[in-house]
Amino acid sequence: MRSRPRSGGGGDGRRAALLPLCVLMLVTGMIVLSDAPSVARQAVAWRKVWSRSLDERAFGPAGFGAGYVLGLSERAVAVARGPGPIFVLDPATGRVRATIQEDARAGEADRIWEAGGTLVVLRKAAAEAGLLSGYDLVTGARSWGPRPGGEVVVSRRAVMVVTASEVTLLDARTGAAIAARPLERGCTATAAAADERVAVLDVCAGRSVQIRAVDPATGRPRWSRELPYPRAQEWPPGDEERAPGTSVAVAADGTVLACLGDAVRLFTWDGARLPGTLDWPCSYGQTIVTSAGVPVVATTRGSFGPYELRGLDPGTGDVRWTGETANTAALLAIGSQVVRVPGYSDSPLSYAEPWPLVAHLQAVDALTGRTTRLPLDATASATIVEGQAGGLVITRTPSVEGAPTVISAYHLVRAPRARPGGVPLAGWPDACALLADRDLRLLGDGYLTSPHPRPPVPRPVSCDWIPPADDGDVVSVTIGWAAASEAEARRTAEEEVRYGLDRTIGTEPGIWYRETDHPAGTGHTAIVSAGPFVVTLHASTAQAVRLLAPRLRDHLRAG
Numbered sequence: 001m002r003s004r005p006r007s008g009g010g011g012d013g014r015r016a017a018l019l020p021l022c023v024l025m026l027v028t029g030m031i032v033l034s035d036a037p038s039v040a041r042q043a044v045a046w047r048k049v050w051s052r053s054l055d056e057r058a059f060g061p062a063g064f065g066a067g068y069v070l071g072l073s074e075r076a077v078a079v080a081r082g083p084g085p086i087f088v089l090d091p092a093t094g095r096v097r098a099t100i101q102e103d104a105r106a107g108e109a110d111r112i113w114e115a116g117g118t119l120v121v122l123r124k125a126a127a128e129a130g131l132l133s134g135y136d137l138v139t140g141a142r143s144w145g146p147r148p149g150g151e152v153v154v155s156r157r158a159v160m161v162v163t164a165s166e167v168t169l170l171d172a173r174t175g176a177a178i179a180a181r182p183l184e185r186g187c188t189a190t191a192a193a194a195d196e197r198v199a200v201l202d203v204c205a206g207r208s209v210q211i212r213a214v215d216p217a218t219g220r221p222r223w224s225r226e227l228p229y230p231r232a233q234e235w236p237p238g239d240e241e242r243a244p245g246t247s248v249a250v251a252a253d254g255t256v257l258a259c260l261g262d263a264v265r266l267f268t269w270d271g272a273r274l275p276g277t278l279d280w281p282c283s284y285g286q287t288i289v290t291s292a293g294v295p296v297v298a299t300t301r302g303s304f305g306p307y308e309l310r311g312l313d314p315g316t317g318d319v320r321w322t323g324e325t326a327n328t329a330a331l332l333a334i335g336s337q338v339v340r341v342p343g344y345s346d347s348p349l350s351y352a353e354p355w356p357l358v359a360h361l362q363a364v365d366a367l368t369g370r371t372t373r374l375p376l377d378a379t380a381s382a383t384i385v386e387g388q389a390g391g392l393v394i395t396r397t398p399s400v401e402g403a404p405t406v407i408s409a410y411h412l413v414r415a416p417r418a419r420p421g422g423v424p425l426a427g428w429p430d431a432c433a434l435l436a437d438r439d440l441r442l443l444g445d446g447y448l449t450s451p452h453p454r455p456p457v458p459r460p461v462s463c464d465w466i467p468p469a470d471d472g473d474v475v476s477v478t479i480g481w482a483a484a485s486e487a488e489a490r491r492t493a494e495e496e497v498r499y500g501l502d503r504t505i506g507t508e509p510g511i512w513y514r515e516t517d518h519p520a521g522t523g524h525t526a527i528v529s530a531g532p533f534v535v536t537l538h539a540s541t542a543q544a545v546r547l548l549a550p551r552l553r554d555h556l557r558a559g
């Protein structure tokens with residue numbers, strides 16, 4: 001279970017700052033699609049189970065600039081909005097089961113977990129470490145707290161709090177201390193939890209590194225190991241929260257991953273070392289999940305990739321399979337599948353994978369590494385993946401332009417394999433054919449065409465037109481999606497207009513003119529919806545967009 005940092009309830013101002021990154025990824029990004037017969041083979045698919053609008057009528061006013069914090073577990077979807085109440089939703093239906101009243105003294109909810117029928121809430125007020133409280137999941141009544149917080153991890157029935165001076169294990173139901181261990185001067189600790197498993201990594205400057213797997217019922221170590229860590233000799237005690245380059249992660253089956261500088265260590269549930277080839281760099285917050293008995297990790301071979309998913313042999317730690325992937329914010333284990341959450345934490349999927357317009361999630365068979373990527377029924381700009389609850393993937397559509405935040409739940413099911421969108425891949429147009437030479441002559445002569453294919457789409461889905469002189473307009477067209485109908489295409493375009501990076505400065509039938517401010521200047525765009533297709537036009541100037549967008553629309557309609 002995991003929760004997210006707060007996000008703004010009134011739109012995302014940080015989007016403009018990420019535009020250069022999005023443009024880079026638009027040029028280089030790839031997506032794996034399938035054009036297999038629509039009923040010939042079986043594959044995983046995403047089916048929406050429920051969707052809940054957090055509107056004022058049902059949930060009351062959120063207040064100006066109120067953020068959202070979600071706590072997800074097998075039994076609850078908890079939603080906090082600013083300093084107001086916390087609403088506990090049933091993961092299976094999205095209905096409100098309980099309401100936890102606001103606590104003005106303790107401040108806004110910062111993180112939320114569920115453990116043993118208790119909702120554990122860390123609130124941030126004047127106290128830097130925050131205040132921790134427990135609430136009954138059924139009634140919403142406070143069970144214990146508030147008490148000082150810190151770094152908090154939560155297992156199925158226990159809460160571990162790590163501060164600069166001690167590590168404390170609490171009973172999640174009562175808040176009573178099960179065990180407490182002081183940290184010596186010059187030592188720091190970091191912890192991780194999953195299901196019934198808790199792991200703690202201690203680093204003491206100039207001395208030792210120790211990994212412990214803790215019994216959450218008693219606080220006693222199930223096993224502990226001394227680990228080599230050369231940088232312990234270099235690390236000063238100072239004000240560091242933790243030793244640099246160290247982190248710990250634990251999977252639900254008890255597999256523990258410890259990162260120590262450039263070294264990765266894996267241990268089984270009973271402390272046996274897995275000596276497999278672990279040749280990837282460590283990263284803070286690295287996650288490990290176990291699905292179908294196979295530990296799966298997301299790794300990178302450098303600061304900027306390439307990124308990989310790796311399935312490991314649970315007996316030896318050797319790599320069973322490897323698959324290339326994009327940047328990964330989290331992994332979710334659902335059945336025998338591992339779902340990759342792309343991204344950057346708490347950001348729309350368009351920040352990580354800006355093509356196509358429709359959001360996709362990647363599911364990987366943990367036994368074989370076989371990957372399937374199929375669409376959700378929403379655009380990537382309108383989709384933030386929060387995690388999983390009750391075996392469902394939970395997404396959030398942020399509040400923007402007066403529209404309330406929407407929480408949705410998706411089920412991973414077996415269903416007939418669907419082609420990408422409503423048009424066979426062979427019917428997708430060539431992006432370079434959507435503007436003719438006579439169209440480009442409106443801007444000047446001598447434009448050079450640069451197609452950008454994205455397999456397995458047989459024709460280029462993006463195309464650039466480069467002017468012969470440096471001072472001309474650069475033009476780019478990208479086919480964002482091929483829908484099942486003209487109405488569905490228009491709905492997709494309108495959702496992208498509402499939630500996308502740009503602001504609308506004008507419209508005409510089937511065209512939305514957009515622009516964005518960023519460090520390189522003002523970007524000019526048009527989203528064009530015609531027939532089943534949604535296409536994006538970029539140009540250096542607003543005049544070029546205004547001249548070419550109607551012609552692009554007409555070419556799409558002409559087929």
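Here the sequence shown is numbered in the UniProt record's numbering, starting from 1 and rising by one per residue. Ideal Cβ positions, reconstructed from N, Cα and C, are used throughout, including at glycine.
Assigned with DSSP and collapsed to three states, G71 falls in strand.
Restricting attention to T541, T405, A489, the CA atom closest to the CA of A520 is found in T541.
Taking the C-beta atoms as reference points, V358 is found no nearer than 8 Å to A330. Secondary structure in the stretch 321-380: the beta strand (DSSP E) runs of 3 residues or longer, each lying completely within the stretch, are 328-334, 337-342, 358-365, 371-379 in chain order. Note that the stretch 113-124 touches the stretch 83-101; at least 3 beta-carbon pairs, one per stretch, sit closer than 8 Å.
G335 is the residue among W144, W428, A436, G335 whose C-alpha sits nearest the C-alpha of Q388. For V88, the enclosing beta strand (DSSP E) begins and ends at 86-89. Measuring C-alpha to C-alpha distances from E401 to each of R212, R75, E494 identifies E494 as the nearest. Secondary-structure assignment with DSSP links I211 through a beta bridge to L201, R225. Residue A193 holds the alpha-carbon nearest to the alpha-carbon of V161 among A193, G140, V364. D502 sits close to T525, with the two beta carbons spaced by under 8 Å.
Taking the Cα of L201 as reference, the smallest distance to any Cα among P182, T163, S247 is reached at S247.
Beta-bridge partners of W428 (DSSP): none assigned. The DSSP-derived three-state label of R551 is helix. The C-beta separation of S133 from R142 comes to about 6 Å, placing the pair in contact by the 8 Å criterion. Here Q286 is buried. Its C-beta has 16 or more other C-beta atoms within 10 Å. Across the set R123, G94, A115, the C-alpha of R123 shows the shortest separation from the C-alpha of E108. In the DSSP assignment, W481 is bridged to V534. The three-state reading of DSSP puts V79 in strand, counting E and B together. For S529, the pairing in a beta bridge is given by DSSP as V534. Residue environment for V138: exposed (fewer than 16 other C-beta atoms within 10 angstroms of its C-beta).
A residue is called buried once 16 or more other Cβ atoms fall within 10 Å of its Cβ, and P468, having fewer, is exposed.
Here L448 is not near V477, since their CB atoms are 8 Å or more apart.
Per the coordinates, the alpha-carbon of W428 lies some 19 Å from the alpha-carbon of P354. Under a 10 Å Cβ-count criterion, T168 is classified as buried, with 16 or more other Cβ atoms of the shown protein chains found around its own Cβ.
Distances from the CA of G67 to each of A164, A252, R81 were compared; the closest alpha carbon is that of R81. By the 16-neighbour rule on beta-carbons within 10 angstroms, P456 is exposed. Annotated as proximal: E496 and I527, with beta-carbon spacing under 8 Å.
Cβ-Cβ distances below 6 Å link V341 to A329, A330, V385 in the same chain, with the five nearest sequence neighbours on each side left out; the list follows chain order.
Boundaries of the alpha helix (DSSP H) around L440: 437-440. In this structure A129 does not touch V153 by the C-beta definition: roughly 14 Å separates them, more than the 8 Å allowed. 8 Å or more divides the Cβ of V294 from the Cβ of A251. According to DSSP, residue pairing for A263 in a beta bridge involves L260. Looking at the DSSP output, P182 sits in a beta bridge with E166. Around the Cβ of S399, a 10 Å sphere holds 16 or more other Cβ atoms; the residue is buried. Rounded to the nearest angstrom, the gap between the Cα atoms of Y351 and S408 is 19 Å.
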